[in-house]
Amino acid sequence: MTDYKTTLNLPETEFPMRGGLPNREPQTLAYWDSISLYQKMREQGKGRPLFVLHDGPPYANGDIHIGHAVNKVIKDMIVRSKTLSGFDAPYVPGWDCHGLPIEHRVEVKHGKNLPADKVRELCRDYAAEQIEGQKADFIRLGVLGDWDNPYKTMEFANEAGIVRALAKMVEGGFVFQGLKPVNW
56 MTDYKTTLNL
66 PETEFPMRGG
76 LPNREPQTLA
86 YWDSISLYQK
96 MREQGKGRPL
106 FVLHDGPPYA
116 NGDIHIGHAV
126 NKVIKDMIVR
136 SKTLSGFDAP
146 YVPGWDCHGL
156 PIEHRVEVKH
166 GKNLPADKVR
176 ELCRDYAAEQ
186 IEGQKADFIR
196 LGVLGDWDNP
206 YKTMEFANEA
216 GIVRALAKMV
226 EGGFVFQGLK
236 PVNW
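Residues in the sequence shown are numbered consecutively from 56, following the working numbering.
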């Protein structure tokens with residue numbers, strides 16, 4: 056049988072026939088880390104028009120799911136696109152460390168009859184543990200950001216800011232007591 060492959064003007068590429076992505080992705084991520092890709096993007100963006108994507112943070116209460124992955128990847132694409140379009144587009148990841156989901160996990164693990172200060176301590180510890188796991192997963196997805204300096208709602212400075220904002224809302228008459236609670 057005749058081999059016609061040599062008679063055709065086929066494009067040549069150095070790309071492998073198979074991607075081998077499970078093996079290559081960690082290498083790519085390690086390379087990006089070794090060259091400080093995010094920091095280089097930030098340096099090149101200095102002086103450009105600012106584009107800030109205010110990221111609504113995930114709860115720090117368990118492993119990421121497909122919704123988290125899609126959310127972060129889309130936001131990463133937007134930030135990268137804006138960077139390539141000539142904007143200074145920082146991405147600061149963050150986590151919501153308060154609320155019923157975290158308290159519920161702590162209650163299931165440690166029981167309901169704990170002093171309030173112990174509950175707060177356990178919630179902070181649990182949230183910090185979950186943040187590290189989620190952060191590793193988001194980095195593994197290739198999301199570029201300031202992962203060494205995320206914002207966390209449980210940081211005392213952020214908690215103070217939340218209380219100040221709530222006080223302004225109360226002073227403005229936007230907070231009232233109704234007949235039914237709304238659990239968000």
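Just so you know, even glycine gets a beta-carbon here, dropped at the ideal spot from N, CA and C.
{"Check": "Which whole-angstrom value is the C-beta distance of Asp192 and Pro148, which I expect to be below 8 Å?", "Outcome": "Actually they are not in contact, since the Cβ atoms of Asp192 and Pro148 sit about 12 Å apart, beyond 8 Å."}
{"Check": "Determine, using beta-carbon pairs with one atom in the region 131-146 and one in the region 100-114, whether at least three such pairs fall under 8 Å.", "Outcome": "yes"}
{"Check": "In whole angstroms, what separates the C-alpha of Arg160 from that of Val174?", "Outcome": "11 Å"}
{"Check": "Can you list, in chain order, the stretches of the alpha helix (DSSP H) that have 4 or more residues and sit fully within the region 134-161?", "Outcome": "none"}
{"Check": "In whole angstroms, what is the alpha-carbon distance linking His153 and Met209?", "Outcome": "7 Å"}
{"Check": "In the structure shown, what three-state DSSP assignment does Leu234 receive?", "Outcome": "coil"}
{"Check": "Can you check which of these residues, Lys164, Glu158 and Ala183, is closest to Ala171 by C-alpha distance?", "Outcome": "Glu158"}
{"Check": "Would you kindly report the start and end of the unbroken alpha helix (DSSP H) that includes Arg103?", "Outcome": "Where Arg103 is concerned, there is no enclosing alpha helix (DSSP H), given that its DSSP letter is neither H nor E."}
{"Check": "One question on the structure: do Glu80 and Arg195 come within less than 9 Å of each other, judged by their Cβ atoms?", "Outcome": "yes"}
{"Check": "What first and last residue would you give for the alpha helix (DSSP H) that runs through Ala222?", "Outcome": "Phe211 to Glu226"}
{"Check": "Reducing DSSP to helix, strand and coil, say where Lys207 ends up.", "Outcome": "strand"}
{"Check": "Please return the same chain residues whose Cβ sits closer than 7 Å to the Cβ of Tyr114, not counting the five positions on each side in sequence.", "Outcome": "Asp151, Gly154, Pro156 and Ile157"}
{"Check": "Please identify the residue among Ala182, Gly188 and Asp88 whose C-alpha is closest to the C-alpha of Ile119.", "Outcome": "Gly188"}
{"Check": "Just checking my contact of Val198 with Val128 at CB under 8 Å: how many whole Å lie between their CB atoms?", "Outcome": "7 Å"}
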